[in-house]
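Everything below concerns the one structure shown next.
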Ligand code: 9YT
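In this note's numbering, the protein residues as written are 177 to 306.
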């Protein structure tokens, strides 16, 4: 069994900071769960264009308010506490935070913790998993 605390991990290398967001990775690939699990804070006013070509991601909004735009269709959805979005088609999207948002995110395949977004807003495929 793995038991961990967000409070304990947020001051360690499991916290990753980037433009407009910070994320604490509570579960990573080497935990062997088949997915990774992150608590991500999106800063107020952030506009994040992303395209996870190598991963599926589900994101549940715990707090805050914003929107997600599907860049294939142009459709926008309101994101608020209780709403989940799942990028089941590796959907190109823009996440906009009106206020600071706290999100719980699961990635399949799991991220290793070393990834950074490339210019297309993707994380690279895990070479070891191929
Ligand atoms: C909501 C979202 O996808 N934000 C980007 C960061 C990502 N959740 C991560 O790497 O933890």
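The C-beta atom is built at its ideal place from N, Cα and C for all residues, glycine as well.
Being a predicted model, the structure only gives us computed values, none of them experimental.
The DSSP-derived three-state label of residue 184 is helix.
Pairwise C-beta distances place the stretch 209 to 218 in contact with the stretch 276 to 296, as three or more of them are shorter than 8 Å. With fewer than 16 other Cβ atoms from the protein chains shown falling within 10 Å of its own Cβ, residue 290 counts as exposed. Scanning 178, 185, 216 and 231 for the CA closest to the CA of residue 271 turns up 216.
In the DSSP assignment, residue 201 forms a beta bridge with 214.
The way I'd put it, the stretch 185 to 200 does touch the stretch 220 to 231; three or more beta-carbon pairs between them come closer than 8 Å.
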